[in-house]
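What follows is one structure encoded as structure tokens, with my remarks underneath.
Residue numbers (this note's numbering): 355 to 515.
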């Protein structure tokens, strides 16, 4: 108790010296206050940074794996395709999840075109409702054919990987 009071007094005096504009060290070693001057809370109870992981979430087991050359290069290729690290890829494979390739720029372009065609189809439907269905039939058939081609192109890309 006496030591705690001494620390508080020294911390107070150190603050007063600093406020007066003539900062001087209080003692040879730095004294850390037990109670925050601003908040009045116990400094030991303050939690900063990222919260701790639960024991179930912690990655504490290491398993060294030996691979033949072909398996190593297969792993390397899959990691590059999916843009994952080797360990992340192995963890995903172990949990039974299906590992899929990320969307390539070509596939993203096809999806963008498909979205644009969907918008065009919506405009055609709006015009057909306003003017009558006979005028919009040709545009609809042309756009439906283009949409089918893009969908088939996306399906083919998915099967080749």
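The beta-carbon is built from N, C-alpha and C at its ideal position, and this holds for glycine as well. Only a predicted model underlies this, so the values are computations on that prediction, with no experimental measurement involved.
By the criterion of at least three beta-carbon pairs nearer than 8 Å, the stretch 436 to 451 is not in contact with the stretch 462 to 477.
The three-state reading of DSSP puts residue 438 in coil, since its state is none of H, G, I, E or B. Within the stretch 447 to 473, no alpha helix (DSSP H) run of at least 4 residues lies entirely inside it. With fewer than 16 neighbouring CB atoms inside 10 Å of its own CB, residue 488 falls in the exposed class. When DSSP states are grouped into helix, strand and coil, residue 411 belongs to the coil group. In the three-state reduction of the DSSP assignment, residue 421 falls in the coil class, being assigned neither a helical nor a strand state.
Residue 359 is classed as exposed because its beta carbon has fewer than 16 other beta carbons within 10 Å across all chains shown.
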